[in-house]
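Numbering (the working numbering), first residue to last: -7 to 530. Every residue, glycine too, gets a C-beta built ideally from N, C-alpha and C. These notes concern the structure reproduced below.
Here it is as structure tokens:
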């Protein structure tokens, strides 16, 4: 409890001002992602409010912002469309059945994510290699940049077209003013968030100057919404009566829930890792899993579209001085206030101001140093960095990170598969000794087997593992098969300097190891078998 109060706020003024800045940036994002998912803008705004409120108080680290996100919205689309189609075919047709299915799905998403936290799976984000992190960050910056280009388009006769002429120059000018304020103001003072000042100044220019520019309000109306005005989220009693409509469709619900849970956790844990690096502190991945799961369940029960951590808004918050939980709390409560009381004012904010803020986030997010180090790091790492960036833009963040981790693991396995060696010598009594050096795991088994000449070896053989580590069950199996080959030819083989864990596993594999493995000193070996250590905290 003391840790919670200590992390609640470090600087109340900075947290409050930063929270307000984030709240303004959350509005168009939540509305845009609601349109992507095919739900009412208020559902997106409610989702951002409830996600932000719960995760800011109980999440894995202070200063991180959660809300409705594009990565999860894209996954929701098929479920919602399918539900709406089926709803119209029922004996008593149901409008927006897909939305009710989404609420039910979010309950399952919450259970999966909370289970991941209770099972302490959040720690595995620490295993993500640095090239994957850099590729993820670069890809993210590109995705944010491309998403903002859509703000330079307008709908004409039902089609999206780029704005041209004076409207384009005016919007570009306001974007440039916002970016210039955010660049210059921190050089003069850091007592107020430059992003908030930029939004207020540009909004003042547009309103007082009577400029005809796209605003938050026009953005919502062009997307088919009616506005920001709404009430408090209501408990969705009706979803429990829609369970019977899921007959024959549970496969769709469960598969969507698993994907949503995975995407949300990966994006959130990657965001947590990124903010950890920026603030030189460490959050709790397991706690974030539990908080995010709880928030998604609340969204399902109270009519929000769910979500996860928002990297762009989290960066805005941290860079604006929001380092405590108070900043996220202020952002979520301010967002609710906009819905309840300030919709008219917020709808007048020019989209250009928010685009300028996000462009500065892109500049600050992109790892420009990656260009400088590409020719200095191993070729495999450079390929992984570029591939993760490309996949992030091409597919989504979750697929990119998973692909990057798999590529890194394969590279690591390939490189270590060639490192196993076996030095040979003959003792005075004629015993041949193989001194094994290097890791023994699934990738190095073939090379390991080629080091031994079973047919031509003397009747007594000793295999010394003091400079080797047995890393997995495949390594255990390789040793077991090798000993059997020597036994079949009537030769005596001894294994020395195996770890206690490895010896135990070998003895469980076959009784013959009871008389084969030599007891070793308590301080041997230097390495331990990895199989029994997977549950250790990382």
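{"Item": "Between 465, 460 and 464, which lies nearest to residue 489 when the distance is taken from Cα to Cα?", "Value": "460"}
{"Item": "Pick helix, strand or coil for residue 432, following the three-state DSSP scheme.", "Value": "strand"}
{"Item": "Could you tell me the alpha carbon to alpha carbon distance between residue 93 and residue 220, rounded to whole angstroms?", "Value": "24 Å"}
{"Item": "Could you pull out every residue in the same chain whose Cβ sits closer than 7 Å to the Cβ of residue 399, ignoring the five residues on either side in sequence?", "Value": "376 and 379"}
{"Item": "Report yes or no: do the stretch 343 to 363 and the stretch 299 to 317 share at least 3 C-beta pairs separated by less than 8 Å?", "Value": "yes"}
{"Item": "Compare the C-alpha of residue 201 against each of 224, 186 and 162 and name the closest.", "Value": "162"}
{"Item": "What is the rounded straight-line gap between the Cα of residue 103 and the Cα of residue 250?", "Value": "10 Å"}
{"Item": "Could you check how far apart the C-beta atoms of residue 101 and residue 298 are, in whole angstroms? I think they sit under 8 Å.", "Value": "7 Å"}
{"Item": "Smallest Cα separation from residue 222: which of 334, 157, 132 and 120?", "Value": "334"}
{"Item": "What are the boundary residues of the beta strand (DSSP E) that residue 460 is part of?", "Value": "452 to 462"}
{"Item": "Hey, how far is the Cα of residue 205 from the Cα of residue 164?", "Value": "11 Å"}
{"Item": "Give me, in chain order, the residues of the same chain whose beta-carbon lies closer than 8 Å to that of residue 55; leave out the 5 immediate sequence neighbours on both sides.", "Value": "267, 271, 306, 309, 310, 314, 315, 316, 317, 319 and 320"}
{"Item": "At which residues does the beta strand (DSSP E) containing residue 147 begin and terminate?", "Value": "145 to 148"}
{"Item": "Taking contact to mean at least 3 C-beta pairs separated by less than 8 Å, is the stretch 404 to 414 in contact with the stretch 146 to 159?", "Value": "no"}
{"Item": "Look up residue 416 in the DSSP assignment and say whether it is helix, strand or coil.", "Value": "strand"}
{"Item": "Does the stretch 37 to 48 touch the stretch 74 to 83, meaning 3 or more C-beta pairs lie closer than 8 Å?", "Value": "no"}
{"Item": "Identify, in the order they occur along the chain, each residue of the same chain with its Cβ nearer than 7 Å to the Cβ of residue 341, setting aside the five sequence neighbours on each side.", "Value": "16, 191, 195, 207 and 208"}
{"Item": "Determine the burial state of residue 19: buried for a count of at least 16 other Cβ atoms within 10 Å of its Cβ, exposed for fewer.", "Value": "buried"}
{"Item": "List the DSSP bridge partners of residue 532.", "Value": "Nothing about residue 532 can be read from this structure; the chain reaches only from -7 to 530."}
{"Item": "Judging by CA-CA distance, which residue of 434, 255, 381 and 454 is the nearest neighbour of residue 67?", "Value": "255"}
{"Item": "Do the CB positions of residue 393 and residue 116 come within less than 8 Å of each other?", "Value": "no"}
{"Item": "I need the DSSP call for residue 366, collapsed to helix, strand or coil.", "Value": "coil"}
{"Item": "With three or more C-beta pairs closer than 8 Å as the rule, is the stretch 27 to 38 touching the stretch -4 to 12?", "Value": "no"}
{"Item": "Nearest CA to the CA of residue 47: which residue from 329, 257 and 153?", "Value": "257"}
{"Item": "Can you give me the Cβ contacts of residue 137 inside the same chain, cut-off strictly under 6 Å, excluding the 5 residues immediately before and after it?", "Value": "354"}
{"Item": "Is there contact here, the stretch 416 to 426 with the stretch 143 to 152, by at least three beta-carbon pairs under 8 Å?", "Value": "no"}
{"Item": "Since I believe residue 343 is in contact with residue 330 (beta carbons under 8 Å), could you give me their beta-carbon distance rounded to a whole number of angstroms?", "Value": "Not really, about 16 Å apart at Cβ, beyond 8 Å."}
{"Item": "With a floor of 4 residues, list each alpha helix (DSSP H) that falls wholly inside the stretch 235 to 308, ordered by position along the chain.", "Value": "242 to 271 and 277 to 294"}
{"Item": "What alpha helix (DSSP H) runs, 4 residues minimum, are completely inside the stretch 50 to 111?", "Value": "62 to 79 and 89 to 110"}
{"Item": "Please list, in chain order, all residues of the same chain as residue 231 whose beta carbon is under 6 Å from its beta carbon, the five residues on each side excluded.", "Value": "92, 95 and 96"}
{"Item": "Quick check: what's the CA-CA separation for residue 531 versus residue 454?", "Value": "The question about residue 531 has no answer here: the residues shown for the chain are numbered -7 through 530."}
{"Item": "Rounding to the nearest angstrom, what Cα-Cα distance links residue 245 and residue 51 in this structure?", "Value": "26 Å"}
{"Item": "Is the separation between the beta-carbon of residue 284 and that of residue 105 shorter than 8 Å?", "Value": "yes"}
{"Item": "Tell me the rounded alpha-carbon separation between residue 2 and residue 57.", "Value": "16 Å"}
{"Item": "Let me know the secondary structure DSSP gives residue 487 once reduced to three states.", "Value": "strand"}
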